[in-house]
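Enquirer: Quick one: structure below, then a few questions.
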Amino acid sequence: MEMGNFTDYNPGSHVIHGQEVNITCEPRYAVIHNATPVSCNNGTWTHVPVCAP
Numbered sequence: 001m002e003m004g005n006f007t008d009y010n011p012g013s014h015v016i017h018g019q020e021v022n023i024t025c026e027p028r029y030a031v032i033h034n035a036t037p038v039s040c041n042n043g044t045w046t047h048v049p050v051c052a053p
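Here the UniProt record's numbering is used: the first residue of the sequence shown is 1, the next is one more, and so on.
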């Protein structure tokens with residue numbers, strides 16, 4: 001994710017259906033529309049969060 005990181009998630013691990021993952025953005029950036037957490041829904045994310053200045 002550009003200018004942001006997933007929290008509550010270990011890189012390289014699998015995300016299971018229904019699992020929620022929070023997003024934190026780099027300094028001076030914020031998640032647009034407070035779109036966190038995101039959830040795994042049968043292998044896809046419910047939405048794709050974006051960090052913007």
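Where a beta carbon is used, it is the ideal one built from N, C-alpha and C, also for glycine.
1. Expressed to the nearest angstrom, what Euclidean distance is found between the alpha-carbon atoms of Gly18 and Thr46?
2. Is Asn34 helix, strand or coil by DSSP?
3. Buried or exposed for Val48, going by 16 or more other Cβ atoms inside 10 Å?
4. Which partner residues of Ser39 appear in the DSSP bridge assignment?
5. In this structure, how does DSSP classify Asn10 when only helix, strand and coil are distinguished?
Expert: Short version:
1. 10 angstroms
2. helix
3. exposed
4. Glu20
5. coil
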